Amino acid sequence: MACPSDQSTPTGVIRNLTPADQAGGLKLSTEASWNQNASDWQLLAATCWGRGMAVAGCGLVGTAMVWPLSGDYAWINMVLVTPDHRGRGIARSLMENLLQEIENQGRIAFLDATEMGEGLYRKLGFRDGPRLLRLRRESAATNAPKPTTAGLRPMRPADLEAVASLDHATFGLDRRELLENFLTRCPLSAWVAESAAGQIEGFVTARNGRLATQLGPVVARDRGQAECLLQAALQSIDGPAILDVPAVDTAWLEAVKAVGFVVQRGFMRMTRGEHALATDWSRYFAISGPDFA
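In my numbering, the protein residues as written are 6 to 298.
Next comes the structure, spelled out in structure tokens:
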């Protein structure tokens with residue numbers, strides 16, 4: 006039966022997402038022109054739980070997922086509805102279902118909202134937080150100066166404990182599994198910055214995506230170190246690259262633009278409740294992406 010595309014579409018059924026939904030999820034994120042690829046959906050299936058809405062004759066028409074994190078936090082991601090079914094309250098229904106379960110678990114929900122989704126999330130009790138900007142570089146700059154790599158070196162698997170500890174102290178929660186996944190996927194774009202004493206005080210990772218390589222997180226002692234890490238990571242990326250950065254740091258934003266990045270769109274980090282995550286934004290120069298904070 007062909008999927009009906011008019012307003013007579015029957016009411017969908019909300020159900021748990023399973024690993025078998027990865028292909029359907031990838032179809033939804035592709036329709037939305039998002040960057041997730043099959044590897045991202047494998048990671049999502051391994052680390053997140055979620056709800057999907059299925060409609061007879063249409064299959065999976067909407068998703069919303071939750072990444073349970075330490076400290077009783079829950080990161081909401083992959084809130085997607087296929088274009089033919091938008092404007093029918095599907096995203097709200099999925100979110101209300103998720104939020105009820107998150108409340109039952111005693112967790113604090115937070116997310117990165119697209120500009121289109123901000124209004125819905127405010128109605129659901131989310132509070133505004135820092136604004137973020139998505140930037141994209143189409144290709145490597147011609148005649149670009151050789152990056153300064155003094156104090157930098159490629160990241161190794163043996164560094165993961167120290168890198169995860171630094172990330173925890175900066176972002177606010179443990180993401181070791183995520184960082185290990187990114188290092189495995191894009192080892193040539195993973196770098197660390199060391200102090201004179203050999204202590205890791207900054208790092209960058211990346212992951213291959215459907216449309217571009219996503220850089221991040223970028224954690225650094227200061228803006229100068231962040232610039233060096235970014236330039237080191239870019240050495241191995243010939244094609245498109247994307248980066249999500251805090252909008253408030255205008256000097257950092259200009260440094261990113263100077264190596265060929267252009268602003269595409271914005272996000273807002275939002276929290277439901279009074280206890281926003283204690284992220285050190287003075288050292289968190291690029292997030293992992295709106296799917297993984």
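We put the CB at the ideal spot given by N, CA and C, even for glycine.
Values in this document were obtained by computation on a predicted structure and should not be read as measured data.
By a beta-carbon distance limit of 8 angstroms, Ala217 contacts Asn40. Their separation comes to about 6 angstroms. Within a 10 Å sphere around the beta-carbon of Ser34 sit 16 or more other beta-carbons, which makes this residue buried. Taking a C-beta distance under 7 angstroms as the contact criterion, Asp285 and Thr210 do not qualify as a contact pair. If one requires a minimum length of 4 residues, the alpha helix (DSSP H) runs lying completely within the segment 85-165 are 95-109, 123-128, in chain order. Residue burial is scored here from C-beta neighbours: Thr68 has at least 16 other C-beta atoms within 10 angstroms and is therefore classed as buried. The segment 225-234 and the segment 103-120 do not touch, with fewer than 3 CB-CB distances between them shorter than 8 angstroms. For Glu36, the uninterrupted alpha helix (DSSP H) segment begins and ends at 27-36.
Just so you know, the alpha carbons of Ala114 and Leu165 end up roughly 27 angstroms apart. Nearest in C-alpha terms to Val268, of all of Arg132, Gly17, Val168, Trp257, is Trp257. Here the alpha carbon of Leu239 sits roughly 11 angstroms from the alpha carbon of Trp196.
Residue nearest to Val168 within the set Gly156, Leu188, Ala155, Thr153 is Leu188 (criterion: CA-CA distance).
Between Arg274 and Phe131, the CB-CB gap reaches or exceeds 7 angstroms. For secondary structure counted as the alpha helix (DSSP H) over 4 or more consecutive residues, the segment 165-236 holds these complete runs in sequence order: 165-176, 181-190. Leu22 is not bridged by DSSP to any residue. For Gln269, no alpha helix (DSSP H) segment is defined; the enclosing uninterrupted segment is the beta strand (DSSP E) at 267-277. With three or more CB-CB distances shorter than 8 angstroms, the segment 45-58 counts as touching the segment 66-82.
DSSP, reduced to helix, strand and coil, places Gly76 within a helical segment of the structure shown. Ala50 carries a helical assignment under DSSP once its states are collapsed to helix, strand and coil.
Between the segment 248-266 and the segment 122-130 there are fewer than three C-beta pairs closer than 8 angstroms, too few to call the two in contact. Only exposed fits Val18, as fewer than 16 other CB atoms lie within 10 angstroms of its CB. For Gly134, same chain residues with a beta-carbon under 7 angstroms away, outside a window of 5 residues either side, are Met273, Arg274, Met275, Thr276, Ala281 in chain order.
In this model, Ala43 and Ala298 are separated by some 19 angstroms (Cα to Cα).
When the beta-carbon positions are compared, Ala198 and Glu185 stay at least 7 angstroms from each other. Here Leu178 is near Tyr78, since their CB atoms are less than 7 angstroms apart.
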